[in-house]
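Written out below as structure tokens is the structure these notes cover.
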Amino acid sequence: MPGVEIDRSTLWKRARQDKHGNIPDPKVAEKAKLIDELQKQVSEGKVSVYGSNDVLTMALGPEHPGRVRGVGSGISPRQYFNLPKPQRVSFDDRLKDSLRVLLQEETKKMEAKAREEALRMEARTKQLVEAEREHFLSQLSQLIPNFDPSMLKPRISQSPKNPICLTKQAALEVM
Numbered sequence: 001m002p003g004v005e006i007d008r009s010t011l012w013k014r015a016r017q018d019k020h021g022n023i024p025d026p027k028v029a030e031k032a033k034l035i036d037e038l039q040k041q042v043s044e045g046k047v048s049v050y051g052s053n054d055v056l057t058m059a060l061g062p063e064h065p066g067r068v069r070g071v072g073s074g075i076s077p078r079q080y081f082n083l084p085k086p087q088r089v090s091f092d093d094r095l096k097d098s099l100r101v102l103l104q105e106e107t108k109k110m111e112a113k114a115r116e117e118a119l120r121m122e123a124r125t126k127q128l129v130e131a132e133r134e135h136f137l138s139q140l141s142q143l144i145p146n147f148d149p150s151m152l153k154p155r156i157s158q159s160p161k162n163p164i165c166l167t168k169q170a171a172l173e174v175m
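Right under this line is the structure:
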């Protein structure tokens, strides 16, 4: 099958099988079973393989220095194991994309919460300002016998910045 990468542990097992698919040497058959178990664990995600620490190396032990089993002569470990694998690159890209999407979703949620909180705080501030205004007007009516709170309403509505300061100023004018 073109485009399919065959693991070197699979090639190692196939090289030791007879034409019927049997492995005549019991020691080699034992290593082949170990390779099958390790491949199953890798596919389940229980064991991770990276670079020269692959299934064949785990089953047979460490490589001889400067050699790579199952790939022929003239191939050094640096040449074989440092090649970028397209699956790894595409997996990294997919992981980055999914993280980017998750980050955007979380950002949108946080922005919506912040807007909602700002609206709540604004409403609460208006309530507090109105309560303070009512309290101030009630105190003025107690201190000044002929005080009419409607006298201050036009001045308060004219102030874009701080209606309480104008209310104090209006109280001073009335005195």
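Residue numbering for the sequence shown follows this note's numbering, beginning at 1 and increasing consecutively. Think of the CB as a built atom: it goes at the ideal place given N, C-alpha and C, for glycine as much as any other residue. What you are looking at is a predicted structure, and each value in this text was computed from that prediction instead of being measured.
Assumed close pair V28, R14 - CB separation to whole angstroms, cut-off 8 Å:
Translated into the one-based positions of the sequence shown, residue 28 becomes position 28. Translated into the one-based positions of the sequence shown, residue 14 becomes position 14. With a Cβ gap of about 12 Å, V28 and R14 do not count as contacting.
Report the residue from E116, G66 and G70 whose alpha carbon sits nearest the alpha carbon of R78.
Reading the sequence shown from its first residue, position 78 is the one you call residue 78. Cα-wise, what sits closest to R78 is G66.
Have a look at the DSSP bridge pairing and note the partners of Y50.
Looking up residue 50 in the sequence shown gives position 50. In DSSP, Y50 forms a bridge with N53.
Are there 16 or more other CB atoms within 10 angstroms of the CB of K33, so buried, or fewer, so exposed?
Numbered from its first residue, the sequence shown carries residue 33 at position 33. K33 comes out exposed.
Let me know if K31 comes out buried or exposed under the rule of 16 or more other beta-carbons within 10 Å of its beta-carbon.
By 1-based counting over the sequence shown, the position of residue 31 is 31. So K31 ends up on the buried side.
A131 to Q142 span [Cα, whole Å]
Against the sequence shown, residue 131 aligns to sequence position 131. Against the sequence shown, residue 142 aligns to sequence position 142. Between A131 and Q142, the C-alpha separation is close to 17 Å.
Determine the extent of the alpha helix (DSSP H) in which V179 is found, giving its start and end residues.
Residue 179 cannot be examined here, being either before or after the span of the chain that is shown, 1 to 175.
Helix, strand or coil at P154 according to DSSP, with G and I counted as helix
On the sequence shown, residue 154 is found 154 positions in, with the first residue counted as 1. With a pLDDT of only 49 at P154, under 50, the local geometry of the prediction cannot be trusted, and no value is derived from it.
What residue range is occupied by the uninterrupted alpha helix (DSSP H) comprising Q79?
For the purposes of this step, residue 79 is taken as residue 79 along the sequence shown, with counting starting at 1. Taken as a continuous stretch (DSSP letters only), the alpha helix (DSSP H) holding Q79 covers P77 to F81.
Please report the straight-line C-alpha distance between D97 and F136, rounded to a whole angstrom.
By 1-based counting over the sequence shown, the position of residue 97 is 97. By 1-based counting over the sequence shown, the position of residue 136 is 136. When rounded, the distance between both Cα atoms is 58 Å.
Confirm, please, whether the CB-CB distance from G51 to F81 is below 7 Å.
The count along the sequence shown starts at 1 and reaches residue 81 at position 81. The count along the sequence shown starts at 1 and reaches residue 51 at position 51. Yes, they are a contact pair.
Nearest-angstrom Cα separation, counted from L102 out to E63
As a first step, residue 63 must be located in the sequence shown, where it is residue number 63. As a first step, residue 102 must be located in the sequence shown, where it is residue number 102. Near 42 Å, if we compare the C-alpha coordinates of L102 and E63.
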